Each structure stands twice: as structure tokens, then as C-alpha cells.
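**Q** If you scroll down you'll find the structure; I have some questions about it.
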Amino acid sequence: MDPFSSDGELVHIHTAFTQSQHSTVLSDFDPSSFSASNRLPVQVLQYRAQCALGQNDDVISSISDADAKSTPDLAAVRVYASYLQSVAQGSGGEDAVAEAERSDLAVKEAKSARSFAQDALLVNLAESWIGMRKGGEEYQKAFYVFEELAQSPSSASAASLVSQAVSELHMGRVEEAETALNSALGMEPDNTAALANKLVLDTILGRDAGEARKKLESTDAQNEMLEDFKAKREAFRTAMGKYSPKFEP
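Residue numbers for the sequence shown follow our numbering, beginning at 8 and rising by one.
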């Protein structure tokens, strides 16, 4: 039996991880309670949950050189945690950045997955993320998936609430988006995705976004949105420097 199937031993921890319930993955599942063949997948999911929570140092220190050498899955997790740590520290050590805008290939992969995983949550989420990229009527379809996750007590998480809020924003439903974002911040006050989208929401509503921006800066000073703001500010100042004010008498 596939351990990830609906009747498999790993279905509950995998579902919790997919729903971004990372704290639940760590607190509600003990690797020793699983069969020997499934303990490694559980351990990997828990390490990945720690990475999602920003605990990269803990993951790196937990996986010894010997474990990484003998177990490729653990070696992969350790490399992943090291990469995330490097990015978080802004080391500038990344040699290459690849950016692909290939929604067509993403759609192809999602269709392929759908052919053998009709009701898989992960496929539903993948199709929703693609829909958010494509826009138009796809926003509504994505919203239904995110809302179902966000509003169910068993699957709600800050990530699903933020996803619901973003889809609401794209459809112009700012009040509903604000409710979802406030719920996300109630769960995780320092959730950077929620804080960044709160900044966007306040700007859309014409509010003073200073407080939201300060909160985001104190939580994640190198957030992509803040870096984009800085770049645009510098570009504007450079443009200003090319002109001198002229006053007519």
C-alpha cells in the first residue's frame, strides 16, 4: 500500500504539511510511532516543517555528517536548510538565479498529476497557484480551494488564510481580504507573507501603511517587497538628479 494514500500511514502528517500546518507536523507526530519503513519520510517532513518555520540552524545541527553521508534524503534536507540559511543571512553567495515564466509547462505538469491523483490536495493547490498566476476567471477557482482550507478548523493555517486573502484582493473584495489577513496575523503575528499583504491592503484602501511597513521591517528587513521599494526609491532619486527645478519669474 502507498503510505501516502488515503488509507496509508503517512496521509495525516503529509496532509498537515501540505496545508502549511508546520507546527502540527512537529507537535502531533512521533517518528517512533510509525513503522520502520516510514520513519525516515516522517523525519524528512518534520525537518522540512522546521525549515518552513525558519529553524534552519536546528535542522543543520540535527543532521550529522555521517547521517548525511549514509542517507541521501537527509543529505538533501541538510543542503536545503543550508541554502535557506544562506538566503536568510543575505550572504550573496548565490552564483546563479534562474527565473522561469512558464505557466504552460506548469499547467502540463498539473494535468499529468491530475490523471493519476484525482482528489489529491497537493494537485488542487498546484492548480490553484497556477490559476493565481494566470488570473482572470482562475482567481475564483483558486479562491474556492484556499477558502475551503482556510475556513475548516482541521486545515486552517496562516498560509491558507493569506492565500485566501490574496485571491480576494485580486477579485476586489478588500473587506473579506482584510478579515482573512487579520485572522492570519492572529495565528502568526510575525508571518511575513501576511504582513506584506497587509501593507498592500492598507495602500489600496488609502490608509497610512507606515505601521504595517515598520512591522514588516522589524520582522524581515530583507523582505522582497521592501527590497523592491528601496530599488524603486533609488531609481526615482537617480531620475530626479537629472533635472533641475526651474522657476518662472
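Each residue gets a CB set at the ideal place from its N, CA and C atoms; glycine is no exception.
Keep in mind it's a predicted model, so treat the numbers as computed, not measured.
Are there 16 or more other CB atoms within 10 angstroms of the CB of residue 240, so buried, or fewer, so exposed?
**A** With fewer than 16 other Cβ atoms inside 10 Å of its own Cβ, residue 240 counts as exposed.
**Q** Are the Cβ atoms of residue 176 and residue 208 separated by less than 9 Å?
**A** A Cβ-Cβ contact shorter than 9 Å links residue 176 with residue 208.
**Q** If you follow the alpha helix (DSSP H) that residue 78 is part of, which residue opens it and which one closes it?
**A** It is not in any alpha helix (DSSP H) - residue 78 carries neither H nor E in the DSSP assignment.
**Q** Given this structure, state the Cα-to-Cα distance separating residue 150 from residue 78, to the nearest angstrom.
**A** 39 Å
**Q** Would you kindly work out how many angstroms separate the C-alpha atoms of residue 162 and residue 44, rounded to a whole number?
**A** 27 Å
**Q** By how many angstroms is the C-alpha of residue 88 removed from the C-alpha of residue 58?
**A** Cα to Cα, the separation comes out at about 6 Å.
**Q** Inspect the CB distances between the stretch 14 to 31 and the stretch 157 to 171 and report whether three or more fall short of 8 Å.
**A** yes
**Q** May I have the straight-line CA-CA distance separating residue 64 from residue 250, to the nearest angstrom?
**A** 49 Å
**Q** With a threshold of 16 other CB atoms inside 10 Å of the CB of residue 242, please say whether the residue is buried or exposed.
**A** exposed
**Q** With H, G and I counted as helix, E and B as strand and the rest as coil, what does DSSP make of residue 127?
**A** coil
**Q** Quick one: complete beta strand (DSSP E) runs, 3+ long, within the stretch 41 to 74?
**A** none
**Q** Can you tell me whether residue 19 is buried or exposed, with buried defined as 16 or more other CB within 10 angstroms of its CB?
**A** Under this definition residue 19 is an exposed residue.
**Q** May I ask you to report which of helix, strand or coil DSSP gives residue 166?
**A** helix
**Q** Roughly how many angstroms lie between the CA atoms of residue 66 and residue 252, to the nearest whole one?
**A** 56 Å
**Q** Could you spell out where the alpha helix (DSSP H) holding residue 37 opens and where it closes?
**A** Note, residue 37: premise wrong, no alpha helix (DSSP H); not H, not E.
**Q** Measuring straight from C-alpha to C-alpha, what distance separates residue 105 and residue 255?
**A** Note that residue 105 scores a pLDDT of 44, beneath 50, so its modelled location is shaky and nothing firm can be said.
**Q** Exposed or buried, what is residue 170 when buried is set at 16 or more other beta-carbons lying within 10 Å of its beta-carbon?
**A** buried
**Q** Should residue 115 go down as buried or exposed, given a rule of 16 or more other Cβ atoms within 10 Å for buried?
**A** exposed
**Q** Start and end of the alpha helix (DSSP H) containing residue 222?
**A** 217 to 226
**Q** Alpha carbon to alpha carbon, how far is residue 200 from residue 142? Give it in angstroms, no decimals.
**A** 20 Å
**Q** Going straight from the alpha carbon of residue 183 to that of residue 172, what length do you get?
**A** 7 Å
**Q** Quick check on DSSP: helix, strand or coil for residue 213?
**A** coil
**Q** Roughly how many whole angstroms lie between the Cα atoms of residue 215 and residue 155?
**A** Distance between the alpha carbons of residue 215 and residue 155 is about 32 Å.
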